[in-house]
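What follows is one structure encoded as structure tokens, with my remarks underneath.
Chains as they are written, first to last, in our numbering: chain E, 18 to 350; chain D, 134 to 409.
In structure tokens:
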């Protein structure tokens, strides 16, 4: 079991408010990603759940019990750090076994569990090595092994893949997801990378300046962003935000159209514009179009259209996928 | 002007290093040489460097006149004991200041160090009276305590500096792994800080071994370490250079041997964190 609930959790450093009050319900077995720009408080929130950071006020419930006064060692959670934080003086076996040793398990049981965890993570042949003799990816696996071996109520991941190169990151992303599905253990994963968030999460928490902007499944966030911040943060390239008065209709202060929800043609109906720059990726083409009516617009087209710099084009939005926001930036449904 | 070749540069640097090393080492060498002279030759001007009648009579006399082993044992107990007690106090102190600092931590560190800036003689009388009233004069436990206290600031500072270099994440990881603070200190922090702790221990042993002010003032015979043993050769009846040198050589020999075998560790520890 591992359901986690945050109730009016606040964090302040002196007069500086980091988390003004977070409410969140994380169900047992789900994979939740905290995503947001740097400094948005996602790591602080994670560390408060871990117990490494004090809670200024509010309650954190793990399986219904308030843990704000429980030290990290007694919360039954395990954490994977960005820096891996392996014990440099211990072998891989020692690193993975440490938590079990602290729990006072008998030696044969520790060995059995460590061997099992090592087998899952392909670490069996490295058990006697020291962390400094391992590659980045292997160290990452040891850190994960240390987390899973204790069979915790939940895993906490603090940007665990950010030190790996791009190819390895994709591979580890899939491995972590597969492992979590297999173990059915609750996981909270902090990242600033929206691709990690979208691909790994059952549900995503979008944080901005310490506040939860939206909590939902990846597709909910993409299709129905709650406000301008989420709309701008989720999706790449960024959603086009149009604030021209001529385009304001039905009381919307801003309308948003994702680059992939526009069609481009050389003539016909729609906003006219001139291509300022074109990026040809083969599979996709990104066009940056200057329009006299609605300003600079990014468009993503599938395939290759043969359009280049200086070509005049017509842009038409998919009317079903236009997002409307009121003056305060909240989405209008 | 032509640029000097790296070879010439290396030679110059090497020669310069040897000269500096020799100048620093010379007093110790001179002391050892003097210890093998007769008292008369020790006073000769100009002094003879190598060509004199070598004799070991001073060592024999020193052995006869006083009990070297008794003083050496006192030195070992006082230096070793004060270091051990200082470490037991300083490791948790440095841990808390390095990893759970408060707003006042910097001030506390400076205050700790400031006690070392006061000349020891300034508190001699009160300390002497306290020792007298507590019957600590000329006891090993008394000397052990005073040396421990007087070196504690340096020990805390050194350990604090080493601990600062240890990533906080690793200690937090051990907390997440279920370690209590005590176990975190024993199983994670201490083994990771071994080079720093080892050099702190060595430095503290050396400081305590050589400490002369408190040992000379607070002990006479029972608890007297080697410093008192040396001082007893500069007596009112006259200076006995050769015998004094023999006593000094005997007194520094153990610490010199210790330093020689641990120099690698010592240098690594003292420069720890300097190049990162």
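Ideal placement from N, C-alpha and C gives every residue a C-beta, glycine not left out. The structure displayed is predicted, hence computed values, not measured ones.
- Here the C-alpha atom of residue 62/E lies approximately 28 Å from the C-alpha atom of residue 105/E.
- Sequence-ordered contacts of the region 144–172 of chain D with chain E are nonexistent [C-beta pairs closer than 9 Å].
- The beta carbon of residue 305/D falls within 7 Å of a beta carbon belonging to chain E, placing the residue at that interface.
- Contact of residue 100/E with chain D by beta-carbon distance below 7 Å involves 300 and 302.
- Distance from residue 223/E to residue 207/E at the Cβ level is roughly 12 Å; contact not present, criterion being Cβ atoms closer than 8 Å.
- Annotation: the continuous alpha helix (DSSP H) that includes residue 155/E extends over 153–165.
- In terms of beta-carbon proximity, residue 115/E lines the interface with chain D, with at least one pair separated by less than 7 Å.
- In this structure residue 164/D is in contact with residue 378/D, their Cβ atoms being roughly 5 Å apart against a cut-off of 8 Å.
- Counted as a single uninterrupted DSSP element, the alpha helix (DSSP H) harbouring residue 217/D occupies residues 201–232.
- Residue 196/E has its alpha-carbon roughly 23 Å from the corresponding atom of residue 22/E.
- For residue 240/D, the closest Cβ of chain E is not nearer than 7 Å.
- For residue 308/D, the nearest CB of chain E lies under 7 Å from its own CB, placing it at the interface with that chain.
- The C-beta distance from residue 94/E to residue 28/E rounds to 18 Å, too long to meet the 8 Å contact threshold.
- Only 67, 69, 89 and 90 from the region 66–93 of chain E bring a Cβ to less than 7 Å from some Cβ of chain D.
- Going by DSSP, residue 380/D is part of the alpha helix (DSSP H) stretching over 374–394.
- The bridge partners DSSP lists for residue 42/E are 22/E.
- Its Cα nearest to that of residue 268/E, the residue 350/E stands out among 350/E, 251/E and 313/E.
- Sorting 25/E, 322/E and 244/E by C-alpha distance to the C-alpha of residue 299/E places 322/E at the top.
- Among the residues of the region 308–325 of chain D, those with a Cβ less than 7 Å away from any Cβ of chain E are 308, 309, 310, 311, 312, 313, 316, 321, 324 and 325, in the order of the chain.
- Straight-line spacing of the CA atoms in residue 55/E and residue 220/D works out to 41 Å.
- Looking at the backbone, the Cα of residue 278/E and that of residue 310/E are separated by about 18 Å.
- Under the Cβ criterion (8 Å, minimum of three pairs), the region 136–150 of chain D does not count as touching the region 169–187 of chain D.
- Inter-residue distance for residue 85/E and residue 72/E is about 7 Å (C-alpha atoms, whole angstroms).
- Going by DSSP, residue 76/E is part of the beta strand (DSSP E) stretching over 74–79.
- Under the DSSP assignment, residue 114/E falls in the alpha helix (DSSP H) whose first and last residues are 109–119.
- Residue environment: residue 231/E is assigned as buried (16 or more neighbouring CB atoms within 10 Å of its CB, all protein chains considered).
- Contacts with chain D at 7 Å (Cβ-Cβ) do not include residue 329/E.
- The residue from 166/E, 178/E and 167/E with its alpha-carbon nearest to that of residue 155/E is 178/E.
- With a 10 Å radius around the Cβ and a threshold of 16 neighbouring Cβ atoms, residue 40/E comes out exposed.
- Taking a cut-off of 8 Å for Cβ pairs, the region 343–351 of chain D and the region 316–335 of chain D do not touch, as fewer than three such pairs fall below it.
- Within chain D, the residues placing a beta-carbon under 7 Å from that of residue 104/E are 303 and 321, ordered along the chain.
- Chain D places a beta carbon closer than 7 Å to that of residue 95/E, counting this residue as a contact.
- Residue 376/D counts as buried, since at least 16 other C-beta atoms from the protein chains shown sit within 10 angstroms of its C-beta.
- The beta carbons of residue 164/E and residue 172/E sit closer together than 7 Å.
- Judged by their CB atoms, residue 317/E and residue 335/E are not nearer to each other than the 7 Å cut-off.
- Against chain D, the beta carbon of residue 119/E has neighbours under 9 Å at 307, 310, 311, 312, 313, 316 and 320, listed in chain order.
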